[in-house]
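Novice:
Residue numbers (the numbering used here): 37 to 131.
1) Assuming residue 75 and residue 54 make a contact with CB atoms under 8 Å, what is their CB distance in whole Å?
2) Would you call the stretch 70-86 in contact with the stretch 37-48, where contact means no fewer than 3 C-beta pairs closer than 8 Å?
3) Between residue 73 and residue 43, is the Cβ-Cβ spacing less than 9 Å?
4) In chain order, what residues of the same chain have a beta carbon less than 7 Å from the beta carbon of residue 45, not counting five sequence neighbours either side?
5) Determine the extent of the beta strand (DSSP E) in which residue 104 is found, giving its start and end residues.
6) Identify whether residue 65 lies in helix, strand or coil by the three-state DSSP scheme.
Have a look at this one:
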């Protein structure tokens, strides 16, 4: 099963390697590659119950989808408003 962990950097500085991945889209949300080499993780770092991580991930996806839907709707409204404004003020064929 899948389990979720919080992995502390303290004590694992040489065991955790990260590098940022440049992506298109939301720049506020960073995407990175993370490599773990012999990282030591205490049992107290387990989030939820062992082998129940997939359920937590799916629960989070549902909340993320709602946020994405709200953002997409707001962006579409702004784009439509800008397009309407531009259509009213643009000059074509000298008019």
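Virtual Cβ for every residue (Gly too), placed ideally from N, Cα, C.
Specialist: Let's see:
1) Numbered from its first residue, the chain shown carries residue 75 at position 39. Numbered from its first residue, the chain shown carries residue 54 at position 18. Not confirmed; about 12 Å, so no contact.
2) yes
3) Here residue 73 corresponds to residue number 37 of the chain shown, with the count starting at 1. Here residue 43 corresponds to residue number 7 of the chain shown, with the count starting at 1. In this structure, residue 43 does not lie closer than 9 Å to residue 73 by Cβ.
4) Taking the first residue of the chain shown as position 1, residue 45 is located at position 9. Closer than 7 Å at the Cβ level, and outside the excluded window around residue 45, lie 52.
5) On the chain shown, residue 104 is found 68 positions in, with the first residue counted as 1. No beta strand (DSSP E) contains residue 104, which is instead part of the alpha helix (DSSP H) from 89-125.
6) Numbered from 1 along the chain shown, position 29 holds the residue referred to as residue 65. Correct three-state label for residue 65: coil.
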